[in-house]
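The listed protein sequences correspond, in order, to chains A and B. Residue numbering for the first sequence follows the numbering used here, beginning at 56 and increasing consecutively. Residue numbering for the second sequence follows the numbering used here, beginning at 34 and increasing consecutively. For each residue, glycine too, the CB sits at the ideal point set by N, CA and C. Everything below concerns the one structure shown next.
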Amino acid sequence: MIIEGAVMLLKDENGDLLGDIDTDMIFHNRHLAITDVNEMGKYALGNLKGYEHLPSLKGKVQILIAGDNFGSGSSRQQAVDCFKALGIKALLVRSVGAIYKRNAINAALGLFTIEGTSDGIVRSKDGDRISLDTITGDVKKDDGMIGRIAIPSGVQMDILDAGGLFEYGRRCE
Amino acid sequence: MYAGSTSGGIGLELSMIEQIISEHSKDRVVPGGIVWMDIDLKTARDFGGANVVGHMEEQYPNEPVADPERTFFTFDTVVPAKTIPYAENQHIIRRFARKWGLKVYDVDAGIGSHIVIEEGLATPGATMAGTDSHLNILGAVGAFGQGMGDMDIAFIFRTGKTWFEVPRTMRVAVEGRMPRNCSAKDLTLAVVGTLGSKGGLGMSMEMTGDQVESLSLSGRITLASMATEMGAVCALIEPNGEILEHFRSVNGEQPQNVPVHVPDYLFEREVSLDVSDLEALVSMPGKPDKVRPVSSLGTIEVDSVFIGSCTNGSYEDISEVARIVEGTRIHPRVMAKVVPATRSVWKRLLYEGKVKTLFDSGFIISNSGCGGCASGQIGMTGPGEVQVSTSNRNFMGKQGKGDTYLASPRTAAASALLGRIASIDDLGVGQ
Numbered sequence: 056m057i058i059e060g061a062v063m064l065l066k067d068e069n070g071d072l073l074g075d076i077d078t079d080m081i082f083h084n085r086h087l088a089i090t091d092v093n094e095m096g097k098y099a100l101g102n103l104k105g106y107e108h109l110p111s112l113k114g115k116v117q118i119l120i121a122g123d124n125f126g127s128g129s130s131r132q133q134a135v136d137c138f139k140a141l142g143i144k145a146l147l148v149r150s151v152g153a154i155y156k157r158n159a160i161n162a163a164l165g166l167f168t169i170e171g172t173s174d175g176i177v178r179s180k181d182g183d184r185i186s187l188d189t190i191t192g193d194v195k196k197d198d199g200m201i202g203r204i205a206i207p208s209g210v211q212m213d214i215l216d217a218g219g220l221f222e223y224g225r226r227c228e
Numbered sequence: 034m035y036a037g038s039t040s041g042g043i044g045l046e047l048s049m050i051e052q053i054i055s056e057h058s059k060d061r062v063v064p065g066g067i068v069w070m071d072i073d074l075k076t077a078r079d080f081g082g083a084n085v086v087g088h089m090e091e092q093y094p095n096e097p098v099a100d101p102e103r104t105f106f107t108f109d110t111v112v113p114a115k116t117i118p119y120a121e122n123q124h125i126i127r128r129f130a131r132k133w134g135l136k137v138y139d140v141d142a143g144i145g146s147h148i149v150i151e152e153g154l155a156t157p158g159a160t161m162a163g164t165d166s167h168l169n170i171l172g173a174v175g176a177f178g179q180g181m182g183d184m185d186i187a188f189i190f191r192t193g194k195t196w197f198e199v200p201r202t203m204r205v206a207v208e209g210r211m212p213r214n215c216s217a218k219d220l221t222l223a224v225v226g227t228l229g230s231k232g233g234l235g236m237s238m239e240m241t242g243d244q245v246e247s248l249s250l251s252g253r254i255t256l257a258s259m260a261t262e263m264g265a266v267c268a269l270i271e272p273n274g275e276i277l278e279h280f281r282s283v284n285g286e287q288p289q290n291v292p293v294h295v296p297d298y299l300f301e302r303e304v305s306l307d308v309s310d311l312e313a314l315v316s317m318p319g320k321p322d323k324v325r326p327v328s329s330l331g332t333i334e335v336d337s338v339f340i341g342s343c344t345n346g347s348y349e350d351i352s353e354v355a356r357i358v359e360g361t362r363i364h365p366r367v368m369a370k371v372v373p374a375t376r377s378v379w380k381r382l383l384y385e386g387k388v389k390t391l392f393d394s395g396f397i398i399s400n401s402g403c404g405g406c407a408s409g410q411i412g413m414t415g416p417g418e419v420q421v422s423t424s425n426r427n428f429m430g431k432q433g434k435g436d437t438y439l440a441s442p443r444t445a446a447a448s449a450l451l452g453r454i455a456s457i458d459d460l461g462v463g464q
């Protein structure tokens, strides 16, 4: 599977990829009573200082790039669904919380960990268009390699390919 | 007993999480591999539960849950509902539960993860999934609980199983005995401070050492509850005689397939820390893993205190606070709130006169539940407000816009009395 799109990098004041972005920063607990996915997008990153404007970029960003321990904290599915509601197709992160990883895969939101330093990925500019190859792990910009992602395991890739856990479950019946 | 059994993994024996998964899967259990795993207890809370019901009705219309006897809901986040959307969500759940004959632990029951231990449902070696990211608290009794999103839980409701990536196992060896003025929360914060927010990322941790083994059930709950704040899948503690006796007395039978810690297992990583010189600790605002001794802080005036949560809402935790504050009044500037974890904890505190003690000292005592963490059932903090909280998370904005320090119930009690962040040592002899 090839995933393409424009990137937005979540960085700290030193220009490093921002780590420890927890689920309350992604989708704050005051919005947890929302059950309609379409209503969730406008609150994405609403509690992450400097990035509260992400919803205003709906349709202009398809790939988010962040640092270590992305999605730590709560099990809320909304922290994944809010990105899907904005048309985000993939997240590239240094590492990810275990529950968040499950939730993303089950919702067929591509979540990939960056392998090695992959400096080219980190040096990308907001708005750059890149592509990810989920079979080879190659990440490219303008046909040039800028880094690599870890290739998801079989079941995880099957769920992504199926379009989510429920669809995957039906294929297995 | 599992020691000596053959593993497909990295050693000749199985780690505790591998023992548990092996009992619940037909697949080969290899660290990093993916298995399909049976889930014994399937739950959802008022948070996330309505989304689970929505998925069930959309994806599996008129199809029953796989195992109604062991599928239930726990309302513990916003109890009773303080907003119309939460009230609506809770009632969506009640209607679904009535339709399919599922039990609801309603708004008076308390925190689900504590209830399943109290009632003997989550036995050592059991598996449980729910929409509570601190469900791994069950590591306190050698069971595996996993918080999951609403899609996962709906799939588990319908099928009784889930895919699972077998975590690698690390050992955390706690050396020495902590001084008497320290508590399980200080020990826990020491571990969190040592490992950091990513120190257990994706791992199952086995907590060992004499100090860990001597912790009560309440202390074990505190320690296991903060695995999530280290990025770990879970922190498992081998059940001792007290834990096994709890389940034997509640269920009338000895737990079976109790996982054991295998010292010779080839752990992915080993971390040790010595707690012989431990002192009262806090997590600084915004960072559970930024841990500092109370004695190093200087004078920090406190506006509010929260005592409760799945980490420190047990009978032992709150009765200790009552003992410390008995016969005194909290500082006039401080608003102090207590939320017992469950209704049975509330009842015991009430019947033993400890609710009166806390009330007379100036505490607000609320309905049992999660309290401070989820949508501020017991109130949020405003900008500039300094709060001392016994909960497990103080990410910026989570409990409001103030500065929240995480601490033990003892430190929270001392801080409430003195109006500044303080340890019980600051209260003087006799405390």
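Would you mind stating whether B:Gly395 and B:Glu198 have Cβ atoms separated by less than 8 angstroms? As a working note, residue 395 of chain B is residue 362 in the second sequence. As a working note, residue 198 of chain B is residue 165 in the second sequence. Contact: no.
Compute the Euclidean distance between the alpha carbons of A:Tyr106 and A:Thr90, then round it to the nearest angstrom. Residue numbering aside, residue 106 of chain A sits at position 51 when the first sequence is read from its first letter. Residue numbering aside, residue 90 of chain A sits at position 35 when the first sequence is read from its first letter. Approximately 23 angstroms, taken between the alpha carbons.
Per DSSP, what kind of secondary structure is B:Gln179 in: helix, strand or coil? As a working mapping, residue 179 of chain B is identified with position 146 in the second sequence. Residue state, collapsed to three classes: strand.
Do B:Val335 and B:Val419 have their beta-carbon atoms positioned less than 8 angstroms apart in this structure? Taking the first residue of the second sequence as position 1, residue 419 of chain B is located at position 386. Taking the first residue of the second sequence as position 1, residue 335 of chain B is located at position 302. Yes, the Cβ-Cβ distance between B:Val419 and B:Val335 is below 8 angstroms.
Tell me the DSSP secondary structure of B:Ala155 in three-state form. Mapped onto the second sequence, residue 155 of chain B falls at position 122. B:Ala155 falls in the coil class under three-state DSSP.
Report all residues from its chain with a CB closer than 6 angstroms to the CB of A:Ala217; omit the five preceding and five following residues, and keep chain order. Working through the first sequence from its first residue, we reach residue 217 of chain A at position 162. Contacts found: Tyr223, Arg226.
Expected contact under 8 angstroms - CB spacing of A:Lys113 and A:Leu146 to nearest Å: Counted from its first residue, the first sequence places residue 113 of chain A at position 58. Counted from its first residue, the first sequence places residue 146 of chain A at position 91. Actually they do not touch by this definition, with Cβ atoms about 16 angstroms apart.
From the DSSP output, in three-state form, read off B:Glu286 for me. Within the second sequence, the letter at position 253 stands for residue 286 of chain B. Of the three classes helix, strand and coil, the one that applies to B:Glu286 here is coil, per DSSP.
Quick one, which of B:Ala447, B:Gly182, B:Glu56, B:Val205 has its alpha-carbon nearest B:Gly461's? Translated into the one-based positions of the second sequence, residue 461 of chain B becomes position 428. For B:Gly461, the closest C-alpha among the options B:Ala447, B:Gly182, B:Glu56, B:Val205 is that of B:Ala447.
Verify the CB distance criterion: does A:Thr90 have a CB-CB separation below 8 angstroms to chain B? In the first sequence, the residue the question calls residue 90 of chain A occupies position 35. Yes - at least one Cβ of chain B is within 8 angstroms of the one on A:Thr90.
Who does B:Pro373 pair with in a DSSP beta bridge? Your numbering for residue 373 of chain B matches position 340 in the second sequence. Its beta-bridge partners do not exist; DSSP assigns none.
Nearest candidate by alpha-carbon position, reference B:Leu250, set B:Glu151, B:Ser329, B:Ala265: Here residue 250 of chain B corresponds to residue number 217 of the second sequence, with the count starting at 1. Nearest of B:Glu151, B:Ser329, B:Ala265 to B:Leu250, Cα basis: B:Glu151.
With burial defined as no fewer than 16 other Cβ atoms inside 10 Å of the residue's Cβ, what is the status of A:Ala159: buried or exposed? By one-based count along the first sequence, residue 159 of chain A stands at place 104. Buried.
Compute the beta-carbon to beta-carbon distance between A:Asp79 and A:Asn102, rounded to the nearest angstrom, for a pair I have assumed lies under 8 angstroms. Sequence index remark: in the first sequence, residue 79 of chain A carries index 24 (1-based). Sequence index remark: in the first sequence, residue 102 of chain A carries index 47 (1-based). Contact flag correct, Cβ pair sits at about 6 angstroms.
Indicate the three-state DSSP secondary structure (helix, strand or coil) for A:Leu73 in the structure shown. Position 18 of the first sequence holds residue 73 of chain A. If DSSP states are grouped into helix, strand and coil, A:Leu73 belongs with coil.
With DSSP collapsed to three states, give me the class of A:Leu164. Sequence index remark: in the first sequence, residue 164 of chain A carries index 109 (1-based). In the displayed model, A:Leu164 falls within coil according to three-state DSSP, outside both helix and strand.
Can you tell me whether B:Thr39 is buried or exposed? The criterion is at least 16 other CB atoms within 10 Å of its CB, across all chains shown. To locate residue 39 of chain B, count along the second sequence from 1; it is residue 6. Residue confidence for B:Thr39 is low, a pLDDT of 36 falling below 50, so the modelled location carries little weight; the figure read from the coordinates is stated next. Classification of B:Thr39: exposed, given that the 10 Å Cβ count is below 16.
Can you give the Cα-Cα distance for B:Gly463 and B:Ser441, rounded to whole angstroms? For the purposes of this step, residue 463 of chain B is taken as the residue at position 430 of the second sequence. For the purposes of this step, residue 441 of chain B is taken as the residue at position 408 of the second sequence. Per-residue confidence for B:Gly463 stands at a pLDDT of 46, beneath the threshold of 50, marking its modelled position as unreliable; no derived number is given.
Could you tell me which uninterrupted alpha helix (DSSP H) segments, each at least 4 residues in length, are contained entirely in the stretch 100 to 134 of chain B, listed from first to last along the chain? 117 to 133
Is there at least one Cβ from chain B nearer than 8 angstroms to A:Leu72's Cβ? Within the first sequence, numbered from 1, the residue matching residue 72 of chain A stands at position 17. No, no contact with chain B.
Indicate whether the contact test is met: 3 or more Cβ pairs, each with one atom in the stretch 48 to 65 of chain B and one in the stretch 172 to 181 of chain B, closer than 8 angstroms. yes
Interface partners of A:Ile154 on chain B, CB under 8 angstroms: In the first sequence, the residue the question calls residue 154 of chain A occupies position 99. Neighbours of A:Ile154 on chain B, chain order: Ser166, Gln179, Gly180, Met181, Gly182.
Should B:Leu314 and B:Val327 be called a contact, given that it needs their Cβ atoms to be closer than 8 angstroms? Reading the second sequence from its first residue, position 281 is the one you call residue 314 of chain B. Reading the second sequence from its first residue, position 294 is the one you call residue 327 of chain B. A contact, by the Cβ cut-off of 8 angstroms.
Complete alpha helix (DSSP H) runs within the stretch 347 to 419 of chain B (minimum length 4 residues, chain order): 348 to 358, 376 to 384, 387 to 394
Against B:Trp196, what residues of chain A qualify as contacts under a CB-to-CB distance less than 7 angstroms, listed in chain order? Within the second sequence, residue 196 of chain B is the residue found at index 163, counting from 1. Residues of chain A passing the Cβ test: Val210.
Tell me, to the nearest whole angstrom, how far the beta carbon of B:Asp458 is from that of B:Asn214; I am working on the premise that it is less than 8 angstroms. Stepping through the second sequence from its first residue, residue 458 of chain B is reached at position 425. Stepping through the second sequence from its first residue, residue 214 of chain B is reached at position 181. Yes, they are in contact, since the Cβ atoms of B:Asp458 and B:Asn214 sit about 6 angstroms apart, within 8 angstroms.
For A:Gly60, name the three-state secondary structure that DSSP assigns. Locating residue 60 of chain A in the first sequence gives position 5, counting from the first residue. Reduced to three states, the DSSP call for A:Gly60 is strand.
So, at 7 angstroms on beta carbons, what are the nonlocal neighbours of B:Arg453 in its own chain, with the 5 sequence-adjacent residues on each side left out? Numbered from 1 along the second sequence, position 420 holds the residue referred to as residue 453 of chain B. Result list for B:Arg453: Thr332, Ile333, Glu334, Val335, in chain order.
Is there at least one Cβ from chain B nearer than 8 angstroms to A:Arg157's Cβ? Here residue 157 of chain A refers to the residue found at position 102 when the first sequence is read from its first residue. A:Arg157 counts as touching chain B.
Which whole-angstrom value describes the C-beta separation of B:Asn425 and B:Met211, a residue pair presumed to lie in contact below a C-beta threshold of 8 angstroms? On the second sequence, residue 425 of chain B is found 392 positions in, with the first residue counted as 1. On the second sequence, residue 211 of chain B is found 178 positions in, with the first residue counted as 1. Not quite, the Cβ-Cβ distance comes to about 19 angstroms (not below 8 angstroms), so this is no contact.
What is the DSSP secondary structure of A:Thr189, counted as helix, strand or coil? Within the first sequence, the letter at position 134 stands for residue 189 of chain A. It is coil, neither helix nor strand.
I want to verify the contact list: residues of chain A whose CB lies under 7 angstroms from the CB of B:Lys231, in sequence order. Stepping through the second sequence from its first residue, residue 231 of chain B is reached at position 198. Neighbourhood of B:Lys231 in chain A, by CB distance below 7 angstroms: Asp123, Asn124, Ser150, in chain order.
Following the continuous alpha helix (DSSP H) through B:Lys218, name the residue where it begins and the one where it ends. Counting from one through the second sequence, the residue named residue 218 of chain B turns up at place 185. It spans 217 to 228 - the alpha helix (DSSP H) in which B:Lys218 sits, taken as one unbroken run.
What's the C-alpha gap between B:Asp185 and B:Asp79? As a working mapping, residue 185 of chain B is identified with position 152 in the second sequence. As a working mapping, residue 79 of chain B is identified with position 46 in the second sequence. Rounded to the nearest angstrom, the two C-alpha atoms are 16 angstroms apart.
Do B:Ile276 and B:Met240 have their C-beta atoms within less than 8 angstroms of each other? Taking the second sequence and counting its residues from 1, one reaches residue 276 of chain B at position 243. Taking the second sequence and counting its residues from 1, one reaches residue 240 of chain B at position 207. The answer is no: Cβ separation not under 8 angstroms.
Of all the options A:Leu109, A:Leu87, A:His108, which has the alpha carbon lying nearest to the alpha carbon of B:Asn122? The residue given as residue 122 of chain B occupies position 89 in the second sequence. Nearest of A:Leu109, A:Leu87, A:His108 to B:Asn122, Cα basis: A:Leu87.
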